[in-house]
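J.:
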Amino acid sequence: MHRMSDGTLNRVLTAIVLVVFVASLLATGYIAVNPPQSTDPYTEFYLLGSEGNASDYPTQLEPGESGTVTVGVTNYEGETTDYQIRIVDTNASGDGVLATRSPTITAGETWETNVTFSIDEPGRHRVRFLLYKSEISDEPDLTTRLWVNVTSEESTTVRVEDQDKNSTNMVRP
Numbered sequence: 003m004h005r006m007s008d009g010t011l012n013r014v015l016t017a018i019v020l021v022v023f024v025a026s027l028l029a030t031g032y033i034a035v036n037p038p039q040s041t042d043p044y045t046e047f048y049l050l051g052s053e054g055n056a057s058d059y060p061t062q063l064e065p066g067e068s069g070t071v072t073v074g075v076t077n078y079e080g081e082t083t084d085y086q087i088r089i090v091d092t093n094a095s096g097d098g099v100l101a102t103r104s105p106t107i108t109a110g111e112t113w114e115t116n117v118t119f120s121i122d123e124p125g126r127h128r129v130r131f132l133l134y135k136s137e138i139s140d141e142p143d144l145t146t147r148l149w150v151n152v153t154s155e156e157s158t159t160v161r162v163e164d165q166d167k168n169s170t171n172m173v174r175p
């Protein structure tokens, strides 16, 4: 059996370490110049309030009063896509559809529109924004929601306890 001298073994190990080091530098440089691209297509779906930010939403309305939000969709699907958007009051009787939109958005583009809605029935309402790719189906592809309290002075009831007579009076402001 042939045995290497210590000097030869050190030179071989140094060469191996040097080759691994250079290969890792080349791989790092390649990745830095050619970063991996996201291959998973997706759609961004969002709401903006009155100031164009993710705040100041119309969360307090009176019956019949209008509230406006900006609905935005950004297409990262890699191709032009047809979308269907439904705005639905889930607390309403009937179908509860407040508004619909049908944008066609080119890959990489953002579409925004103002949507104005009103709710006639007092109470706490969950307004859902449903996004469908192509046709409307049983399940939306993306959803977001907005809670809206609808109140009016005429419909507000205040309970007042009469401590002396142990009775309750209903007072309308």
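Reading the sequence shown from the start, the letters are residues 3 to 175 in the numbering used here. Think of the CB as a built atom: it goes at the ideal place given N, C-alpha and C, for glycine as much as any other residue.
1) Taking the alpha carbon of T83 as the point to measure from, which residue in S136, G51, T115, S26 has its own alpha carbon closest?
2) Give the secondary structure of V19 by DSSP, where H, G and I count as helix, E and B as strand, and everything else as coil.
3) Please return the same chain residues whose Cβ sits closer than 6 angstroms to the Cβ of I87, not counting the five positions on each side in sequence.
4) Could you pull the DSSP bridge partners for V73 from this structure?
5) Please work out which residues of its chain come closer than 6 angstroms, Cβ to Cβ, to S57, disregarding the five sequence neighbours upstream and downstream, and give them in chain order.
6) Between the alpha carbons of L28 and N12, how many angstroms are there, rounded?
7) Can we say the stretch 114-123 touches the stretch 58-68, given the rule of at least three CB pairs closer than 8 angstroms?
8) In whole angstroms, what separates the C-alpha of I107 from that of G80?
9) Report the three-state DSSP secondary structure of I121 (helix, strand or coil).
10) With distances taken Cα to Cα, identify the nearest neighbour of E141 among V150, F131, W149.
11) In chain order, what residues of the same chain lie with their CB nearer than 7 angstroms to the CB of E111, ignoring the 5 residues before and after it?
12) Would you mind working out which of E114, L100, N93 sits nearest G69, comparing C-alpha positions?
T.: Straight from the coordinates:
1) S136
2) helix
3) R103, L133
4) L49, T115
5) G51
6) 24 angstroms
7) yes
8) 11 angstroms
9) coil
10) F131
11) N77
12) L100
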